[in-house]
Each structure stands twice: as C-alpha cells, then as structure tokens.
Amino acid sequence: MTKVVVITGASAGVGRATARAFGRLGWSVGLIARGRDGLEAARREIAGRGGRAACTLADVADADALDAAADQLARELGPIRVWINDAMITAYSPFEAMRPDEFRRITEVCYLGQVNGTRAALRHMRPRDRGTIVNVGSGLAYRAIPLQSAYCGAKFAARGFTDALRSELIRDGSRIRLSMVHLPGLNTPQFDMGLNRLPMRPQPAPPVYQPEVAARAIVRAAYEAPRELWVGTPVLKLIAGQAVAPGYVDEKLADAAFEGQQSEVPEPGGRPNNLFGPIPGDQGAHGRYDDRAHDRALVIDPDRLRRAAAGAVAAGVAGLAVVAGRRLLARR
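Taking our numbering, the leading residue of the sequence shown gets 2, the next gets one more, and so forth.
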C-alpha cells in the first residue's frame with residue numbers, strides 16, 4: 002500500500018527538509034503551504050529524485066481551506082497515513098511593540114494551525130482507525146524566551162492541546178498515534194521571513210542545527226510515535242533549567258536571549274515578512290548560517306530516559322537491599 006504523508010509548512014525550512022526526507026524514503030508526499038513558488042520547487046525536488054508528490058495552497062489558520070487541502074491530497078495520493086503539523090511564523094519584537102493583529106496572527110498559525118491540521122488528519126484517519134500525527138514543537142514550548150512572546154505562547158498551547166487529545170485517543174481505544182517533536186534553534190529562512198522590530202538582523206541562538214536534523218527526528222516520530230522527542234542539548238537544558246530553577250532562568254534570559262537572538266548586522270528598514278502572506282520566490286530549507294550549523298544532534302525520548310532512570314533507581318535499591326540483607330545475616 003502506498004505510504005502517504007502530508008506536511009504543512011512544506012515550502013521552506015523544516016517542512017521542506019522533512020518533505021525531502023520522506024520523499025527519499027519512498028513515501029508519497031502531500032505538500033501544503035501558502036507560497037506557490039516554494040511548494041512547486043519542493044514538488045519538483047521530490048519528483049526529480051523519482052518520488053511522488055502533490056501540492057496545494059492553503060493557510061493553516063483557515064480550517065475549511067485545510068480540510069479541502071486534505072481532501073484534495075487524499076484523492077491524488079491515497080489514504081493519509083502520517084500528518085505533520087509544521088507550519089509556523091514568528092516575530093522578533095518586544096511584546097509592547099506588537100500590534101494585536103500581529104500577535105493574533107502568530108497564534109492562529111502556530112497554535113490553531115496545529116489544531117486545524119490535527120482535525121483534518123483525524124477526519125481522514127478515524128474511519129480506518131489508523132495513522133500518526135506529529136506536531137512540531139520547540140524547546141520554547143517548555144521555556145519561553147523574550148522577544149518571541151507570541152510564538153512561545155502558541156507552542157505552549159500546542160503542547161497542552163496535544164497532551165489533552167492524546168488522553169482522549171487513549172480513552173477511545175484509538176490506534177491513531179500522536180507525537181510531538183521539540184526542536185532547537187535551526188538554520189532556516191525564518192530569520193529572514195519573520196517580522197522584525199529589533200535594530201539588528203535576528204539569528205538563531207547558538208548552538209545552531211541544520212533543518213535536516215529536525216527532519217530526521219520528525220521522520221523517526223512518524224515511524225515510532227514516541228510521546229515526545231527532544232532534539233539537541235539546548236532543548237534538554239531549557240527543560241531542565243525551567244524545572245529546577247525557573248527564576249534563575251528568567252534572570253539569565255533577560256540578557257542572554259536579547260543578545261543571542263540578534264546578529265551584528267543591522268536590519269534594513271521595510272524588509273518584507275510573511276506574517277499575513279507568503280514572500281514571493283523559493284526560500285528553500287536553509288538559512289544564512291550554514292557555516293556554523295551542526296549536522297548532528299542528540300535526540301532524547303524522555304519516556305525512555307525516565308524508564309531507564311527508574312530502572313537504575315530500582316536496581317540500586319535492590320542492590321542496597323541485598324547488601325543490607327547480607328550484613329544482617331552476618332551478624333546472626
């Protein structure tokens with residue numbers, strides 16, 4: 002049977018790299034985004050390597066348009082086995098400098114876009130009681146940073162939504178699987194496409210990873226459906242820091258995140274952004290930071306980590322019990 006994956010935000014960045022990865026593995030790839038140039042380029046890339054792909058324009062903030070896109074891709078490619086919710090936009094701006102419609106727009110795409118995509122996927126997967134939905138998250142879904150309040154809030158919301166729905170699927174006895182992949186700073190075009198109200202050109206906070214690192218983790222999630230995957234040591238540090246010392250992290254990020262998200266290059270005024278519409282042209286998967294982006298990253302399945310830790314603790318307790326027992330017998 003043909004394996005069909007649908008990817009939102011497939012025209013650029015992580016979505017583009019993920020589309021290539023699935024195409025190389027022989028999947029039929031459904032591509033959804035707002036920008037025709039990037040979508041067509043992604044489709045040609047897959048077809049040029051002997052793969053099969055179809056694309057359709059849709060804004061993930063529009064639930065009806067996303068439903069129509071899902072129906073079209075299912076007709077062209079076949080039953081949808083995997084759905085990847087990846088579409089995102091962002092702004093680099095202090096909260097008080099943002100207009101309400103800008104904040105709302107980021108929330109609609111980054112949060113409600115995942116809600117709408119999940120609903121569309123479930124509508125196709127429910128009749129077969131089979132399929133995997135992967136929501137693309139971020140370390141910023143656990144620990145927010147300054148200058149991206151709308152994006153961080155949306156990622157927090159997406160994580161809460163995913164957890165709630167997962168429990169509902171478990172209660173239903175559904176075989177539909179739900180996973181979330183939390184990403185670090187990546188070398189994607191988002192830093193040239195997002196709205197910027199900072200004096201300098203935005204950049205990913207180091208260490209920076211290539212989008213293919215994210216794509217491999219997303220493919221793994223599609224196959225294995227872990228509850229979550231944490232990609233890169235920065236994600237682990239954000240989560241651990243927030244759990245252990247959130248007040249200290251607040252203070253640390255007040256300076257470090259302001260500086261770390263800005264390059265030394267001044268940002269020209271009037272640069273176009275993709276908040277309310279796509280930027281013309283093919284933006285590709287990579288940004289401008291290839292020279293310092295890593296090709297490999299530590300990927301952690303936190304459930305496996307917890308089980309291993311629990312096993313180690315249990316083994317330690319058992320060992321102590323054996324030693325104590327031997328000492329007690331020796332005293333008799």
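C-beta: ideal position from N, C-alpha, C; glycine also.
As for any alpha helix (DSSP H) of minimum length 4 sitting wholly inside the stretch 24–63, the runs are 37–49, ordered along the chain. Remark: C-beta atoms of P247 and P200 do not approach each other more closely than 8 angstroms. Bridge partners of A294 according to DSSP: V209. Within 10 angstroms of the beta-carbon of Y143 lie 16 or more other beta-carbons, which makes it buried. Judged by their CB atoms, G118 and V61 are nearer to each other than the 8 angstroms cut-off. Along the length of the stretch 176–244, whole beta strand (DSSP E) runs at least 3 residues long occupy 177–184, 201–203, 229–232, reported in chain order. Taking C-beta separations shorter than 7 angstroms and ignoring five residues to either side along the sequence, the partners of A226 in its chain run T133, R178, S180, following chain order. When C-beta atoms of the stretch 106–120 are compared with those of the stretch 209–225, fewer than three pairs fall below 8 angstroms, so the two segments do not count as touching. Judged by beta-carbon spacing, R272 lies beyond the 8 angstroms limit of N188, meaning their Cβ atoms are not closer than that value.
The stretch 41–57 makes no contact with the stretch 96–107: fewer than 3 CB pairs, one atom from each, lie closer than 8 angstroms. Residue environment for K156: buried (at least 16 other C-beta atoms within 10 angstroms of its C-beta). The beta carbon of P147 is closer than 8 angstroms to those of P95, L254, A255, A258, F259 in its chain, skipping five residues each way along the sequence.
Runs of the alpha helix (DSSP H) lying entirely within the stretch 97–139, each at least 4 residues long, are 101–108, 114–126 in chain order. For I85, the uninterrupted beta strand (DSSP E) segment begins and ends at 83–86.
In the structure shown, the three-state DSSP call for Q73 is helix. DSSP places S94 outside both helix and strand once states are collapsed to three, so it counts as coil. The Cβ atoms of A92 and A151 sit closer than 8 angstroms to each other.
Straight-line measurement puts the Cα of I33 at about 7 angstroms from the Cα of A70. Counting along the chain, T163 sits inside the alpha helix (DSSP H) bounded by residues 150–173. The Cβ-Cβ distance between V5 and I81 falls below 8 angstroms. Apart from the 5 residues on each side of it in sequence, D304 sits with its Cβ closer than 7 angstroms to the Cβ of P227, R228 in its chain, given in chain order.
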